[in-house]
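These protein sequences, in sequence, are chains A and B.
Residues in the first sequence are numbered from 131 upward in steps of one, following our numbering.
Residues in the second sequence are numbered from 131 upward in steps of one, following our numbering.
Input: a single structure, listed below in structure tokens.
Number of protein chains: 2
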Amino acid sequence: MKRRSVLKVVLTSALIAALSVPAVATADSAKTVIEGLPMAARAAPVPAGVSPELAGLIESRQVGTHAETPSSTKQWLALQAEFDAASLQGVARLLEMTGAQFAIENVAGVTTYRVTPTTIDPRWADTVFVHVHGGAFVFNGGEAAMAEAIWMAHGLGVEVVSVDYRRPPLHPFPAATDDVIAVWQQVIKDHDPAKVAMFGTSAGGNLALSTVLQLRDMGTPLPGAIMAGTPAVDLAQTSDSWITLQGLDPLGAREGVIEGTFDIYADGTDRTDPRLSPIYANLGNMPPTVLLTGTRDLLLSDTVRMHRALRAAGVAADLHVYDGQSHGDYMAGFFVNAPETHDAWRELNTFFDLHLE
Amino acid sequence: MKRRSVLKVVLTSALIAALSVPAVATADSAKTVIEGLPMAARAAPVPAGVSPELAGLIESRQVGTHAETPSSTKQWLALQAEFDAASLQGVARLLEMTGAQFAIENVAGVTTYRVTPTTIDPRWADTVFVHVHGGAFVFNGGEAAMAEAIWMAHGLGVEVVSVDYRRPPLHPFPAATDDVIAVWQQVIKDHDPAKVAMFGTSAGGNLALSTVLQLRDMGTPLPGAIMAGTPAVDLAQTSDSWITLQGLDPLGAREGVIEGTFDIYADGTDRTDPRLSPIYANLGNMPPTVLLTGTRDLLLSDTVRMHRALRAAGVAADLHVYDGQSHGDYMAGFFVNAPETHDAWRELNTFFDLHLE
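Written out as structure tokens, the structure reads:
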């Protein structure tokens, strides 16, 4: 046996020290503006690790500035209507592409859309998935709610009930989760909850998690599994990737419209309330949860933070990160038939097959 | 039932269109320099999602410039000696912190270090893990090899054999994996291979994967599981996060010394050779593999690409991404007793417990 001792230790990490030679800081001027590590301006070419189909999508991408942030209820309603109408075009295209059908159903007083794909996978024949749409809590209402529901229904061959929950500015927190809870309680009258998945992306990921947390606290039977796609889980603090990846994601920035949507959604409630920001919740006994994100996703940090918190609480949580993808691009790839989208469907099928009874 | 049709579709993604209003491109001048999405200069504050201990580490961080790239064998050897000596200080500190002991053993003609922690976990009492050190293929030889071996031995309570493989500039590819293969063949004479994990970080992750791929092709019994920490899996192409996250990671940049190490390691062999770049390999029948990385890791993209490729090949591969961590920081946190490091040990214990027989 041999043992060494040292008199002087200068390294914070042997590995890192071995790979780089620290130099004096060079960005004192930048540090006077914002404290932090300086990132120089650059251009980010199409990532090496993406399919030609996704590369084409990224190449055509323009990361624009946001609309002006509304300052009145009237302005919010106008922007909401504009966005909903634009999203509805995408929904119409998805219906045409897939041949999926939908029916409008009033469930417990809440408008829902039952989306039926052309083919049902036998393993999902006796169940339905519950969809909570994204759109920063404010956008994608009415039939525009269905985009991700169609994506899931078509990709997995499963019937989906999409919840057209009430939204700000007229209906702030907790109207949205109240509506999802009401629909859930109705759905489980006809279905074994352990065979039902709840899913959503972005604000929809937040709402799916928040709804299930509340169901857990109410003692209501829970979904057998959750998909939280690039979920906005921290409305109180700005996670790192909102800053580090800005410029790469068509989502734009948190400042402005998105921060405004968080504001009118919270409507004065403390944003660290776990019903608003699931990252602050006690996550014990949550159902198995699969999370999706990308390396150019402004919500990469929110997503990985949630994954870690779920795992630390003992939840069976899986994480899939797609190289070069921005916010929700696993769905955007649907429009160009990207292999990454088929990969996401495969992972979701595998996960739900494992965890839904 | 209700169905809509559209005459004109302008959206590439309903979700994204709902959250941002595309504007005209503003960065024509940047595009004349490098084709790609423009990222503006910024400063990245300490991430919201990290522990106070890791925050302290990040706050004290200076992302420096690299040493000059050597242009002769003599210069490479000098830089190698300098780096090895620096890393050895870290190893000495880790030995002091942990009380771990080590013995130098010649195994099949290869120098190895058998690292024994103060306490062995009963579940790992009858096995040993094989460690392949990192350091860009060129650095961290001699006793400096042991840093991660000590980290693993102490964190999991397992005996570790760390391979001091031959390195460039004197011994390019395939000397390193030849050495690891030789050690492996000796180790499995005394241990059930299904109970042995092989692990490494950075270049060590590459070498662990490459070694096991070659063992598979040779028909040699494989390790029961692999840990590939932030592995450099693509020496041919520059994955996206090398560019997008530059400035945040003490690793610095790929250009310069690191690209130079890849060059003297490959020594003229085509870098898309899967023995050099495992991302290009057929990955069928690889053992369960756990991958670790962080949102500020220049090898984030390499890591998630490998995770996806393994999953697509049907391998049981798990991914853990730590918010705000740069290259190998799950180990760097060891020096400040960060909760993230304990979390990594917990995940590794769970993974190996599940997959090692």
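Every residue gets a Cβ at the ideal spot worked out from N, C-alpha and C, and that includes glycine.
- In its chain, beyond the 5 residues on either side, G287 have a beta carbon closer than 6 Å to the beta carbon of D251/A.
- Across the region 370–383 of chain B, CB contacts with chain A closer than 8 Å involve D370, S371, I373, T374, L375, Q376, G377, L378, P380, L381 and G382, in sequence order along the chain.
- Below 8 Å, enough C-beta pairs join the region 354–373 of chain A and the region 453–466 of chain A to call them touching: three or more.
- Under the DSSP assignment, T228/B falls in the alpha helix (DSSP H) whose first and last residues are T203 to T228.
- The beta carbons of A173/B and P168/A sit about 5 Å from each other, so the pair counts as a contact at 8 Å.
- Look at the beta carbons and you see the region 235–245 of chain A touching the region 311–325 of chain A: at least three pairs across the two are nearer than 8 Å.
- For E165/B, the nearest CB of chain A lies under 8 Å from its own CB, placing it at the interface with that chain.
- For a cut-off of 8 Å, the C-beta gap from V221/A to M276/A is around 5 Å, short enough to register as a contact.
- Within the region 246–287 of chain A, the runs of alpha helix (DSSP H) at least 4 residues long that lie entirely inside it are, in chain order, 277–286.
- For the region 174–186 of chain A, residues whose beta-carbon sits nearer than 9 Å to a beta-carbon of chain B comprise A174, P175, V176, P177, A178, G179 and V180.
- In its chain, beyond the 5 residues on either side, V176 have a beta carbon closer than 8 Å to the beta carbon of E189/A.
- By the rule that beta-carbons nearer than 8 Å mark a contact, A305/B does not touch chain A.
- Per DSSP, Q316/B lies in no beta strand (DSSP E) segment; the continuous alpha helix (DSSP H) that holds it begins and ends at A305 to D320.
- Interface criterion not met: the Cβ of L406/B is under 8 Å from no Cβ in chain A.
- By the criterion of a C-beta distance shorter than 8 Å, D397/B is surrounded in its chain by P298, P302 and F303, once the five residues flanking it on both sides are discounted.
- Proximity of chain A to T425/B at the Cβ level (cut-off 8 Å) is accounted for by D370, S371, T374, L430, S431 and V434, in chain order.
- Each residue's CA atom was taken as its position, placing R346/B and L339/B some 11 Å apart.
- In terms of beta-carbon proximity, Q205/A stays away from the interface with chain B, with every pair separated by 8 Å or more.
- With respect to the 8 Å criterion, Q210/B and V268/B are classified as neighbours on the basis of their beta carbons.
- Cα atoms of Q219/B and G194/B: separation of roughly 20 Å, rounded to the nearest angstrom.
- Within the region 281–296 of chain A, no residue has a Cβ lying closer than 9 Å to any Cβ of chain B.
- In the displayed model, N415/A falls within coil according to three-state DSSP, outside both helix and strand.
- Spatial neighbours of S407/A in its own chain (CB-CB distance under 7 Å, excluding positions within 5 residues in sequence) are listed in chain order as V363, D364, L365, A366 and R401.
- In chain order, S431, D432 and R435 place their CB closer than 7 Å to the CB of S369/B, counting only its own chain and leaving out the 5 sequence neighbours on each side.
- No Cβ of chain A is located within less than 8 Å of the beta carbon of Y410/B.
- By the neighbour-count definition (other C-beta atoms within 10 Å, threshold 16), L440/A is a buried residue.
- Residue-level contact by beta carbon fails for L422/B and chain A, as no gap is shorter than 8 Å.
- Counting only the Cα atoms, Y452/B lies some 23 Å from G334/A.
- Contact between the region 178–188 of chain A and the region 466–475 of chain A is established, with three or more Cβ pairs separated by less than 8 Å.
- For I394/A, the enclosing alpha helix (DSSP H) begins and ends at V387 to A396.
- In the DSSP assignment, I373/A falls within the unbroken alpha helix (DSSP H) covering S371 to T374.
- Taking H472/B as reference, the option from A233/B, G186/B, H284/B and Q231/B with the minimal CA-CA separation is H284/B.
- For V342/A, the enclosing alpha helix (DSSP H) covers residues A333 to M348.
- Within the same chain, L365 come within 6 Å of F392/B by CB-CB distance, once the 5 residues on both sides are set aside.
- Sequence-distant Cβ neighbours of W372/B in its own chain, meaning closer than 6 Å and more than five residues away, are R384 and L428.
- Per DSSP, the unbroken beta strand (DSSP E) holding V290/B starts and ends at V290 to V293.
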